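Asks: Before we start, here is the structure in question, set down as structure tokens.
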Amino acid sequence: MPVPTPFHSRTSALCTSYRWKDWAGFYAVCSYDTNHDREYFAFRHAAGLLDVSPLFKYRVVGSDAAEFLAFVMARDIRRVKPFQVSYCCFCDGKGKVIDDGTVARLGETDYRVTSASPSLRWLQEHARGFGVQIRDESESVAALALQGPTSREILKQVSQDADLDHLRFFRIAQARIDGIPVEISRTGYTGDLGYEIWLRAQDASPVWDRLMTAGSSYGAVPAGLDALDVTRVEAGFILQGVDYHSATRCPTESRKSSPFEIGLEWTVDLEREPFMGQEALRLEKREGSRWSLVGLEISWEELERLYETHGLPPHLPAAAWRTAVPLYDGQRQIGRATSGSWSPLLKKNLALASVETRYAEPGKRFQIEHTAEYERRTLTATVVPRPFFNPERKRA
Amino acid sequence: MASQLDAVIVGGGHNGLVCAAYLARAGRKVMVLERRPVLGGAAVSEEVFPGFTFSVFSYVVSLLRPEIIRDLELSRFGLQLIPLECAFTPLPDGNSLCRWSDWEQSRREIERFSKRDAEIYPAYSQAMMQMGRFVKPILSMTPPDPASRNPAELWELLQLGRRFAALGEEERFLKLKMFTMSAVDFLDRWFESDVLKATMSVSGIIGTFQGVRSPGTAYVLLHHYMGEIDGAFRSWGFSRGGTGQVSLAIAGSARHHGAGIRTEAPIEKILVKDGLARGVVLEGGEEILSKLVISSVDPHLTFLKMVGPEHLEDEFIEAIRRYKLRGSSGKVNLALDRVPEFKCRPGVGPHLRGDVAISPSIDYLERAYDEAKYGRYSRRPYLNVVIPSLCDPSVAPPGKHVMSIFVQYAPYHLREGAAAWPSQREAFGDAVIDTLAEYCPTLRDSILHRQVLTPWDIEQITGLGEGNIFQGELSLEQIFFLRPAPRWARYRTPVRNLWMCGSAVHPGGGIMGAPGANAAREILRSGTL
Ligand SMILES: Cc1cc2nc3c(=O)[nH]c(=O)nc-3n(C[C@H](O)[C@H](O)[C@H](O)COP(=O)(O)OP(=O)(O)OC[C@H]3O[C@@H](n4cnc5c(N)ncnc54)[C@H](O)[C@@H]3O)c2cc1C
Chain A
1 MPVPTPFHSR
11 TSALCTSYRW
21 KDWAGFYAVC
31 SYDTNHDREY
41 FAFRHAAGLL
51 DVSPLFKYRV
61 VGSDAAEFLA
71 FVMARDIRRV
81 KPFQVSYCCF
91 CDGKGKVIDD
101 GTVARLGETD
111 YRVTSASPSL
121 RWLQEHARGF
131 GVQIRDESES
141 VAALALQGPT
151 SREILKQVSQ
161 DADLDHLRFF
171 RIAQARIDGI
181 PVEISRTGYT
191 GDLGYEIWLR
201 AQDASPVWDR
211 LMTAGSSYGA
221 VPAGLDALDV
231 TRVEAGFILQ
241 GVDYHSATRC
251 PTESRKSSPF
261 EIGLEWTVDL
271 EREPFMGQEA
281 LRLEKREGSR
291 WSLVGLEISW
301 EELERLYETH
311 GLPPHLPAAA
321 WRTAVPLYDG
331 QRQIGRATSG
341 SWSPLLKKNL
351 ALASVETRYA
361 EPGKRFQIEH
371 TAEYERRTLT
381 ATVVPRPFFN
391 PERKRA
Chain B
1001 MASQLDAVIV
1011 GGGHNGLVCA
1021 AYLARAGRKV
1031 MVLERRPVLG
1041 GAAVSEEVFP
1051 GFTFSVFSYV
1061 VSLLRPEIIR
1071 DLELSRFGLQ
1081 LIPLECAFTP
1091 LPDGNSLCRW
1101 SDWEQSRREI
1111 ERFSKRDAEI
1121 YPAYSQAMMQ
1131 MGRFVKPILS
1141 MTPPDPASRN
1151 PAELWELLQL
1161 GRRFAALGEE
1171 ERFLKLKMFT
1181 MSAVDFLDRW
1191 FESDVLKATM
1201 SVSGIIGTFQ
1211 GVRSPGTAYV
1221 LLHHYMGEID
1231 GAFRSWGFSR
1241 GGTGQVSLAI
1251 AGSARHHGAG
1261 IRTEAPIEKI
1271 LVKDGLARGV
1281 VLEGGEEILS
1291 KLVISSVDPH
1301 LTFLKMVGPE
1311 HLEDEFIEAI
1321 RRYKLRGSSG
1331 KVNLALDRVP
1341 EFKCRPGVGP
1351 HLRGDVAISP
1361 SIDYLERAYD
1371 EAKYGRYSRR
1381 PYLNVVIPSL
1391 CDPSVAPPGK
1401 HVMSIFVQYA
1411 PYHLREGAAA
1421 WPSQREAFGD
1431 AVIDTLAEYC
1441 PTLRDSILHR
1451 QVLTPWDIEQ
1461 ITGLGEGNIF
1471 QGELSLEQIF
1481 FLRPAPRWAR
1491 YRTPVRNLWM
1501 CGSAVHPGGG
1511 IMGAPGANAA
1521 REILRSGTL
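Those sequence lines, one after another, are chains A and B. Residue numbers for the first sequence follow my numbering, so the first one is 1 and each next one is one higher. Residue numbers for the second sequence follow my numbering, so the first one is 1001 and each next one is one higher.
Encoded structure:
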């Protein structure tokens, strides 16, 4: 049975829908309302406040911290400046991705690593010979995401000691909220202007309350994972366990993915001192990857026509989906769409997919399975660049 | 002198801009000329009072064609729509009705008035969806001319007939009825509760000079359901930053594709020589030549003023003169210090995140219409109220709010004549505030500023003839192949190289974009460019 997060007293009082799910062993709100619409639109028009405490968080401290992280991560963490955050992934010895997350540099030799699944053992095992200590602070550090166009104004109202106007994309700052020490990073999973706030678990309630009170004048609402799921698809972000699987948890080799195969090539710094998986990744880089992760736009006109043949108006699930759906070129299966959503913002039917690399170019078309009126049919899907939605304010 | 421009577009309302964007996207050289300093026409956002941005005229977006959003990449150029969460109807007796997207929640609300109505409500929605599905393709169609001998047009007509034949017998009957019935008669077939029927019937009269019992008003109810099946799931929405943002996003896309856009460029005349449109003359005399002229303003303005009767045949002029504008609505925009609470449902709850209708009974609506028939504005009008700042904080300072009140009836032709409107403007505004304050006693104390717009003001500011919000009523005798005149519903006009692309052509008014897009398609197809 899941356990409560540090914000549970607050989130449970607001969750009138009783819709919860298990996120890494914690109770997490799916949507506070019977559906997630208001929360989704708050992320895009105002702000949503999301409890992200279930993320795994590790503190890596010591004179060799940068060297060590550069060794385990595919990205060269030595280049991360103080108070910078880096998105990266780490691989096993065969270059297969175990997890993706962020590394925040909180001091000269002080880093916080976040991941989707437990990674303490993996990190510790590879720390031998490095002058580092690794501490699991998953439970002692609580975290909130405040995402959306008014998030900066809200944080400016409540925080002291941080210059939020100048906190750039993927930077982090020490600050206080009503005297309570926090770190505020300009990061998130919605692809919008947004921040994450890291705090001691015991301070959870007052920080939540302060943000909610200040946020009310800026349209902020508490938001759950259903709304997040739509925004993350629009942002084109992958999810471990859905769009790819951790190499340590795959029953078969074929299910594992390299960073190149899941759209993370830009996080791989290949030519440098040895790091985990480097040889395999070099080889793959030379020989090419079997799979590629792509963004798909599924034809709305065909969907409409398909339903019309049944005498029905078009229908799509209102929530994001994450059960894999086959993709075909003629009779042959060439990949799978792993998650997707109708984008209320773009008025487009979107999906993320793994396809054979030769189908990965933008503009390529193939078929995606779609079940209408109990019949399995196909619709045309077109490869389009990710992110699907990329507002200027995200970085500005 | 060879003209440089392929087309000049008269008016930078959203339809003119849509037309420009599609033509520019197809590589044509176009220039939009807008009289006002701001773009958008009736879909415009203006910071009327410091810190308070109003959707000055149109206030909710419903039928904006999703294919236009996709084709013109409007979200990339700043368009973001936020759905209304509910439809709230406060009542004078302390009761109220709120319809939500959560069906069970709506059922509980409707049950307070009639359990039988609550039970049939989903079936009604479904029937309307099915009928909407039938009508929807018509929106993006160029109306075929029933008198035509052109095989292509006959083919379109045949397709339409086939679609109709494919409907079930019951649906066919329903559909035919719908075209001719009044909104109330139509709803009577389904429901018994006066409260429910009254509030549902108003969508049949918006923008028309008709009452909820006037024949033909049922058809407009359909439009409510049409957006639903566009895959928008919840179709009525605010535009972040106001409805002007729709126009600005379209303008952004048009510019991106190379269209030129000039504001403060009022057009005086459309240049016609030897029966051919050749460009326009601005006030002040500047001439701008182009291969085509495409007008997005209403037919009175286009033909009677800009072209001039001397270039047109009498029969056509007669048809245009008969084309009914008859504005019947006004608007009051308020800057508020706080959210006013409703007596019947106190608190700032989710019931205020949709639209609020003052439409307590069918008799109330009929009485409001009665006054208008005799050239007076309704003392107790139908109001449609929204507080977009609750969902979109960008339009008001933190903690403050904007309220938009759409008012019907406010007949353009007052008994004392339209020119009497300025002297009745504030009294009209007071009647609106008084009406709302009966439900919302703290309203007056929370008003910081107010802007009152009568149909006369609407005409003065936007050029919409007689202040008609749809550039002409959406009544039976002037929709589809009759809009704006028989034989001239295919975006062409009797003046060669002069085209129409605004709400006065099929499929009509509303922030829909379809007239602009259909016109562009028809122009490109015609091979004249
Ligand atoms: C008060 C009000 C409320 C409404 N509410 C809604 C609503 O909530 N939802 C909805 O969907 N629809 C609503 N509508 C209707 C909708 O806004 C209009 O149907 C639509 O915006 C018209 O767009 P258009 O581009 O066809 O024409 P217009 O918006 O009328 O554009 C015409 C343009 O031409 C310009 N122009 C006029 N004369 C000249 C000249 N001589 N030279 C150059 N330019 C000129 C005008 O300034 C204007 O910009 C409302 C309308 C009004 C007035």
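C-beta: ideal position from N, C-alpha, C; glycine also. As the structure is a computational prediction, the values presented were derived from the model and not from experiment.
Around the Cβ of B/Cys1019, are there at least 16 other Cβ atoms within 10 angstroms (buried) or fewer (exposed)?
Replies: When all chains shown are included, B/Cys1019 counts as buried.
Asks: Using a Cβ cut-off of 8 Å (strictly closer), state whether A/Pro4 contacts chain B.
Replies: So, not an interface residue.
Asks: What in chain B is Cβ-close to A/Arg44, meaning under 7 Å?
Replies: Near A/Arg44 (Cβ distances below 7 Å), the residues of chain B are Gln1080.
Asks: If we count the other Cβ atoms within 10 Å of its Cβ and call it buried at 16 or more, is A/Gln331 buried or exposed?
Replies: Label assigned to A/Gln331: exposed.
Asks: Between the segment 190-221 of chain A and chain B, which residues of the former have a C-beta closer than 7 Å to a C-beta of the latter?
Replies: From the segment 190-221 of chain A, only Ser217, Tyr218, Gly219 have a Cβ closer than 7 Å to chain B.
Asks: Hey, how far is the Cα of B/Ser1101 from the Cα of A/Arg38?
Replies: For B/Ser1101 and A/Arg38, the distance between alpha carbons rounds to 11 Å.
Asks: Could you compute how far the alpha carbon of B/Met1128 sits from the alpha carbon of A/Leu312?
Replies: Each residue's Cα considered, the two are about 12 Å apart.
Asks: Tell me, which residues are paired with A/Gly107 by DSSP?
Replies: Its beta-bridge partners are A/Asp110.
Asks: Per DSSP, what kind of secondary structure is B/His1506 in: helix, strand or coil?
Replies: B/His1506 falls in the coil class under three-state DSSP.
Asks: Short of 6 Å in beta carbon distance, which residues of its chain neighbour A/Pro222, apart from the five on each side in sequence? Order them along the chain.
Replies: Counting only Cβ-Cβ distances below 6 Å, and skipping sequence neighbours, we find Leu14, Tyr32, Leu49.
Asks: Between A/Leu167, A/Arg376, A/Ala116, A/Arg10, which lies nearest to A/Asp444 when the distance is taken from Cα to Cα?
Replies: Absent from the model: residue 444 of chain A. The displayed extent of chain A is 1 to 396, so no value can be given.
Asks: Report the CB separation of B/Pro1350 from B/Glu1085 in whole angstroms; it is logged as a contact under 8 Å.
Replies: Yes, B/Pro1350 and B/Glu1085 are in contact; Cβ-Cβ is about 6 Å, under 8 Å.
Asks: If we call anything under 8 Å between Cβ atoms a contact, is B/Leu1005 one with B/Ser1290?
Replies: Cβ distance < 8 Å, so B/Leu1005 and B/Ser1290 count as in contact.
Asks: Starting from the N-terminal side, write out each stretch of the alpha helix (DSSP H) that is 4 residues or longer and does not extend beyond the segment 128-162 of chain A.
Replies: The qualifying runs are 151-158.
Asks: Verify the CB distance criterion: does B/Ser1140 have a CB-CB separation below 8 Å to chain D?
Replies: Although the question refers to chain D, the structure presented lacks it and instead comprises the protein chains A and B.
Asks: Any contact of the segment 381-394 of chain A with the segment 341-356 of chain A, i.e. 3+ C-beta pairs under 8 Å?
Replies: A contact exists between the segment 381-394 of chain A and the segment 341-356 of chain A.
Asks: Taking CB distances under 8 Å as the criterion, tell me whether B/Asp1392 reaches chain A.
Replies: Interface residue, yes.
Asks: Between B/Pro980 and ligand 1, is there a pair consisting of the residue's CB and a ligand heavy atom that are separated by less than 7 Å?
Replies: This structure cannot settle anything about residue 980 of chain B, because the visible part of chain B is limited to 1001 through 1529.
Asks: Using the Cα positions of A/Glu153 and A/Asp163, report the straight-line distance between them to the nearest angstrom.
Replies: Those two C-alpha atoms are separated by around 12 Å.
Asks: Closest by CA to B/Glu1473, which one among B/Ala1504, B/Arg1450, B/Met1500, B/Asp1117?
Replies: Minimum Cα distance to B/Glu1473 is reached at B/Ala1504.
Asks: Are the beta-carbon atoms of B/Leu1436 and B/Val1386 separated by less than 8 Å?
Replies: Not a contact, by the Cβ cut-off of 8 Å.
Asks: What residues in its chain sit with their C-beta under 7 Å from that of B/Val1297, if we drop five residues either side in the sequence?
Replies: Here the set comprises Val1010, Gly1011, Gly1463, Gly1502.
Asks: Restricting to Cα atoms, I'd like to know which of B/Cys1098, B/Gly1308, B/Phe1054, B/Gly1327 is closest to B/Gly1509.
Replies: With distances taken between Cα atoms, B/Gly1509 lies closest to B/Gly1327.
Asks: If you measure from the beta carbon of B/Gly1204 to each beta carbon in chain A, is any gap under 8 Å?
Replies: No - not a single Cβ of chain A is within 8 Å of the one on B/Gly1204.
Asks: Helix, strand or coil for A/Ala280? Go by DSSP, reduced to three states.
Replies: Note: A/Ala280 maps to helix in three-state DSSP.
Asks: According to DSSP, is A/Arg421 helix, strand or coil?
Replies: Lying before the first or after the last residue shown, residue 421 of chain A is absent from chain A, which here runs from 1 to 396.
Asks: Between the Cα of B/Ser1114 and those of B/Asp1194, B/Ala1431, B/His1300, spot the shortest distance and give me the residue it belongs to.
Replies: Among B/Asp1194, B/Ala1431, B/His1300, the Cα nearest to that of B/Ser1114 belongs to B/Asp1194.
Asks: Distance check for B/Ile1206 and A/Arg10, CA to CA, integer angstroms please.
Replies: For A/Arg10 and B/Ile1206, the distance between alpha carbons rounds to 44 Å.
Asks: Residues of the segment 1075-1099 of chain B with a CB closer than 7 Å to any CB of chain A: list them in chain order, please.
Replies: Answer in chain order: Ser1075, Gln1080, Ile1082, Pro1083, Glu1085.
Asks: Under the criterion of a Cβ to heavy atom distance below 7 Å, does B/Thr1053 qualify as lining ligand 1?
Replies: It does not: the Cβ of B/Thr1053 is nowhere closer than 7 Å to a heavy atom of ligand 1.
Asks: Would A/Ala353 and A/Leu296 be called neighbours here (beta carbons separated by less than 8 Å)?
Replies: The answer is yes: Cβ separation under 8 Å.
Asks: Counting Cβ pairs closer than 8 Å, one from the segment 1475-1488 of chain B and one from the segment 1368-1378 of chain B, do we hit at least three?
Replies: Flag = no, the segment 1475-1488 of chain B and the segment 1368-1378 of chain B do not touch.
Asks: Within 10 angstroms of its Cβ, does B/Arg1492 collect 16 or more other Cβ (buried), or is it exposed?
Replies: When all chains shown are included, B/Arg1492 counts as buried.
Asks: Along chain A, in chain order, which residues have C-beta atoms closer than 7 Å to that of B/Met1129?
Replies: Under the 7 Å cutoff, chain A gives Pro313.
Asks: Mapping DSSP to helix, strand and coil, what is B/Asp1185?
Replies: Correct three-state label for B/Asp1185: helix.
Asks: Step through the CB atoms of chain A and report whether any lies within less than 8 Å of the CB of B/Ala1517.
Replies: Judged by the 8 Å Cβ criterion, B/Ala1517 is not in contact with chain A.
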